[in-house]
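Colleague:
There are 2 protein chains.
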Amino acid sequence: MKGRQTSIHVDAAQVGYDILIGSGGLDDPASFLRANSAASVAVVVTNDTLAPMYGRRVARSLTSAGWRVETVSLPDGEAYKVWSSVQLILDAMVALRCDRDSMVVALGGGVVGDIAGFAAACFMRGVRHTQVPTSLLAQVDSSVGGKTGINHPQGKNLIGAIHPPCRVVIDLEVLSTLPEREFAAGLAEIIKYGAACDPGFLDWIEANLEGLRKRSTPVLLEAVRRACEIKARIVAVDERELGLRAILNFGHTFAHAIETGLGHGQWLHGEAVGCGMLLAADLSSRMGRIDADLVRRLETIVHAAGLPVHSPPLGIPRYLDLMGMDKKRQGGQIRFVLLDGPGRSSVAAVDLSWVVASLEARVVAGRGATDL
Amino acid sequence: MKGRQTSIHVDAAQVGYDILIGSGGLDDPASFLRANSAASVAVVVTNDTLAPMYGRRVARSLTSAGWRVETVSLPDGEAYKVWSSVQLILDAMVALRCDRDSMVVALGGGVVGDIAGFAAACFMRGVRHTQVPTSLLAQVDSSVGGKTGINHPQGKNLIGAIHPPCRVVIDLEVLSTLPEREFAAGLAEIIKYGAACDPGFLDWIEANLEGLRKRSTPVLLEAVRRACEIKARIVAVDERELGLRAILNFGHTFAHAIETGLGHGQWLHGEAVGCGMLLAADLSSRMGRIDADLVRRLETIVHAAGLPVHSPPLGIPRYLDLMGMDKKRQGGQIRFVLLDGPGRSSVAAVDLSWVVASLEARVVAGRGATDL
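Protein chains in written order, with our numbering: chain X, 1 to 372; chain P, 1001 to 1372.
(1) For chain X, find out if any of its Cβ atoms is closer than 8 angstroms to the Cβ of P/Gly1149; answer yes or no.
(2) I think X/His163 touches X/Ala116, with their Cβ atoms under 8 angstroms apart; what is that distance to the nearest whole Å?
(3) Under a CB-based cut-off of 8 angstroms, is X/Val237 close to chain P?
(4) Does any residue of chain P have a CB that is nearer than 8 angstroms to the CB of X/Phe123?
(5) Count the other CB atoms, across all protein chains shown, that sit within 10 Å of the CB of X/Thr300; report buried if there are 16 or more and exposed otherwise.
(6) Of all Cβ atoms in chain P, is any one closer than 8 angstroms to the Cβ of X/Val337?
(7) Heavy atom of the ligand NAD less than 7 angstroms from the Cβ of X/Ser64, yes or no?
(8) Using the beta-carbon of each residue, which ones in chain X are nearer than 9 angstroms to P/Gly1126?
(9) Assuming X/Arg286 contacts X/Ser358 under a Cβ cut-off of 8 angstroms, what Cβ separation, rounded to an integer in Å, is found between them?
(10) Got a sec: is the Cβ-Cβ distance from X/Asp99 to anything in chain P below 8 angstroms?
(11) Less than 7 angstroms between C-beta atoms, sequence neighbours within five positions excluded: which residues of the same chain meet that for P/Asp1027?
(12) Are there three or more Cβ pairs, one per stretch, closer than 8 angstroms when the segment 1307-1318 of chain P is compared with the segment 1232-1242 of chain P?
(13) P/Leu1178 to P/Gly1160, Cα distance in whole Å?
(14) Please confirm whether P/His941 has its beta-carbon closer than 8 angstroms to some beta-carbon of chain X.
(15) Please state the DSSP three-state secondary structure of X/Thr134.
(16) Under 8 angstroms, Cβ to Cβ, is there at least one residue of chain P near X/His152?
(17) How do the segment 104-119 of chain X and the segment 196-211 of chain X stand: do at least 3 beta-carbon pairs fall below 8 angstroms, yes or no?
(18) Would X/Arg362 and X/Ser311 be called neighbours here (beta carbons separated by less than 8 angstroms)?
(19) Taking DSSP's pairing of strands, which residues face P/Ala1348 in a bridge?
(20) Going by DSSP in three states, P/Phe1254 sits in which element: helix, strand or coil?
(21) Can you say whether P/Asn1151 is buried or exposed, counting buried as having 16 or more other CB atoms within 10 angstroms of its CB?
(22) Please classify P/Thr1370: is it buried, with 16 or more other beta-carbons within 10 angstroms of its beta-carbon, or exposed?
(23) Do you know offhand how far P/Ala1281's Cα is from P/Leu1339's?
(24) Would X/Ala95 be called buried (16 or more neighbouring beta carbons within 10 Å of its own) or exposed?
(25) Closer than 7 angstroms, Cβ to any Cβ of chain X: which residues of the segment 1247-1273 of chain P, in chain order?
(26) Counting only Cβ pairs nearer than 8 angstroms, list the residues of chain P close to X/Trp83.
(27) By how many angstroms is the C-alpha of X/Leu298 removed from the C-alpha of X/Gly276?
(28) Can you give me the C-alpha to C-alpha distance between P/Val1045 and P/Ala1059, rounded to a whole angstrom?
(29) Within 10 Å of its beta-carbon, does X/Pro75 have 16 or more other beta-carbons around it, so buried, or fewer, so exposed?
(30) With DSSP as the reference, label X/Thr6 as helix, strand or coil.
(31) For X/Lys214, does the three-state DSSP call read helix, strand or coil?
(32) If we call anything under 8 angstroms between Cβ atoms a contact, is X/Leu212 one with X/Leu172?
(33) Taking the straight line between their C-alpha atoms, what separation do you get for X/Ser353 and X/Ser345?
(34) Closest to X/Pro165 by CA distance: which of X/Val132, X/Ser85, X/Cys197, X/Gly341 is it?
(35) Along the segment 90-114 of chain X, what residues have a CB closer than 7 angstroms to any CB found in chain P?
(36) Look at the Cβ atom of P/Leu1050, then the Cβ atom of P/Thr1134, and state whether they are nearer than 8 angstroms.
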């Protein structure tokens, strides 16, 4: 890599790994683990949009690192996050006579990372994978922590594995070509780390929103580094999300309802997370856990990041239904990640009435389907 | 359970688990983990042959242990060890609104155990599974150690996960109905533990072959207990088969060649392992690692267990091809588990010429396709 760069070590339950963050990582053979032998195969999994942009560059770096390189390109889109894509990768690996020494390289956003990571988890009961995230969202969230998987027709990420990567290569230069909307969606997850986990980072984000939106490299380096450090710290303690890791779902219960309710692909995940965080903050305030000031402060930040702040008009019964809050569920409560202050959060069961009040306050009534 | 019983604790890399061995475990609610709540779902995965024999009994025990029980029955046979079977289980789990609190119960032989265990590994990135092995082979081998998976058209067990069970319930009573051939095939794996791992156990097997073949319960209890203890000890050290665990593949390189060469289903896995162990012992003797006496001793034991001792006439070039010993492979050598003495083994690279000599000595020339 060139210029300022940084590296974070993640202690995973299985084997630790390094996250390299900087500029030019894609083109630097030293970013990647070296092949054990001339026969070692690296299978680059990417999609048809990204392959022409970065495929050859990553393949060249891997070749210099000693790998025999082959590429599998999937169609672009969440619709392909299904078993047939995993099977395509596995078939290619079998045809290439891959063995336990082989490595999968996921070159893409969260969808490619999840599919390729799951294929690596399944092939011969687990081979190594390197994550090369090309979206801001994937750089600060899905590429770190070992969650891999595919969707089931009845639910996102229902099928998968915890299979930590052997390396994460974050090249900030790829962010320069991201569409505005997608970049802002990535900022939502960065804001999440500040809001739910780290008051100092929340202050820093607030002070650096200008630099973030201008995609200043030093500012992005700092933001991505701190976000990854927070995630690495949490994952080291709770890789399987038995407790602490759940706070990384701050805003996500509402967000999933928005995404599913609008139909996947209408709003980007990060856009839904932005609104979801504000709903969860409102809920925390109503329950007396935080001041209303903090809700307003977060709303200002989310808005300044270029994200929607009002949730789409799906109708409150539909929201409740999408969050599984029907009377058939045991106890009639649902567990949310709530704020206890700036940068502090915990999980608690919440009564339906509070949720209804927050939805009434923050959901747009009867305007168009989106609010961008 | 009733009568003599025993329990072994396995230290797995993730979370340890107990293997209960005795008579009547299927009908004893105490064999199974208790449900956390009245909503907790246990999905019993079995096959169409075993469901009428044991399905209702296991379901009754689970119900008494507090579970809401549902059953998924797959067609019987290795041909169904494919993704569509896993998908059938996952679809059922989604339809039943299973969550992380749910448990899969694999009621069957190795095929059911592998498929059901893999479904448990994939659902929501891993839920618990209990193994209830109904064949001797599964009781002493596949149900312990966490290997799960399915076949790829180009190779057995190419797709899978290491996902240890939360409990193994071994009911020796189910062995009374096993066909003679299948029972003998299970003995092959028991002999393997003695031959490759434990000289005292090899002596014991030799002294108790009569009781084993008569399926005497106290003799079986001792045999299964010692086999599971050996496996548990090895798996605790090397769950992912990075080193030591490989010795459990004693005889298996030849065995896989026999199975694939004859077409899967012609010989039972254990039958092929019996012959494979004798080939590997012959190889060890030729290389000066053991006396020829030990080869003869093992041949006597394998024969007395009711297993074939002469390998089927596939032709030596075909054997070599099936074991991947072609000139395209790096180095022209292949790694085998070899004996260093009774109950002692290690992995070593072997030259083609030794393998050819052993095949010439032990493969039947030009008789029928099988030698049973």
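For glycine and all other residues, C-beta sits at the position ideal for the given N, C-alpha and C. Being a predicted model, the structure only gives us computed values, none of them experimental.
Modeller: By the coordinates alone:
(1) yes
(2) So it is not a contact: roughly 10 angstroms between Cβ atoms.
(3) no
(4) yes
(5) So X/Thr300 ends up on the exposed side.
(6) Closer than 8 angstroms: no.
(7) This structure lacks the ligand NAD, and indeed carries no ligand of any kind.
(8) Gly160, Ala161, Ile162, Arg240
(9) Beta-carbon to beta-carbon, X/Arg286 and X/Ser358 are separated by about 6 angstroms, close enough to satisfy the 8 angstroms threshold.
(10) no
(11) Arg1057, Ser1061
(12) no
(13) 28 angstroms
(14) Here chain P covers residues 1001 to 1372 and nothing more, so residue 941 of chain P does not appear.
(15) coil
(16) So yes, X/His152 belongs to the interface.
(17) no
(18) yes
(19) When DSSP reads this structure, P/Ala1348 sits in a beta bridge with P/Phe1336.
(20) Residue state for P/Phe1254 is assigned as helix, using DSSP reduced to three classes.
(21) buried
(22) Its pLDDT being 42, under 50, P/Thr1370 is placed unreliably in this model, and the value from its coordinates should be taken loosely. When all chains shown are included, P/Thr1370 counts as exposed.
(23) Rounded to the nearest angstrom, the gap between the Cα atoms of P/Ala1281 and P/Leu1339 is 6 angstroms.
(24) exposed
(25) none
(26) Trp1083, Gln1087
(27) Distance between X/Gly276 and X/Leu298, taken at the CA atoms: about 11 angstroms.
(28) 11 angstroms
(29) Burial call: exposed.
(30) strand
(31) coil
(32) Against a cut-off of 8 angstroms, the Cβ pair of X/Leu172 and X/Leu212 comes out as no contact.
(33) 21 angstroms
(34) X/Val132
(35) From the segment 90-114 of chain X, only Leu90, Val94 have a Cβ closer than 7 angstroms to chain P.
(36) Yes, the pair counts as a contact, with Cβ atoms nearer than the cut-off.
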